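*Asks:* First, the structure itself, so that you have it in front of you.
Residue numbers (my numbering): 731 to 793.
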């Protein structure tokens, strides 16, 4: 076995291991709550809907 094929094989293994780590991070128990909160964001009330006065833009933008 030459070094080129060995390096290609190790790169494939490294990519597969990285893929598994990303999957575990995305579908793990700890991230479930974060994704559920993000899914509910469109349904939450804004400041405008609750009757509070909107705050002025602090970045210099005109309203």
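Glycine is no exception: its CB is placed at the ideal position from the N, C-alpha and C atoms.
These numbers were taken from a predicted model, which means no experiment stands behind them.
Going by the beta-carbon positions, is the gap between residue 755 and residue 748 smaller than 8 Å?
*Replies:* no
*Asks:* Counting along the chain, where does the alpha helix (DSSP H) carrying residue 863 start and finish?
*Replies:* Within the shown structure, residues of the chain are numbered from 731 to 793, placing residue 863 beyond reach of any answer.
*Asks:* Quick one: Cα of residue 769 to Cα of residue 738, how far?
*Replies:* 40 Å
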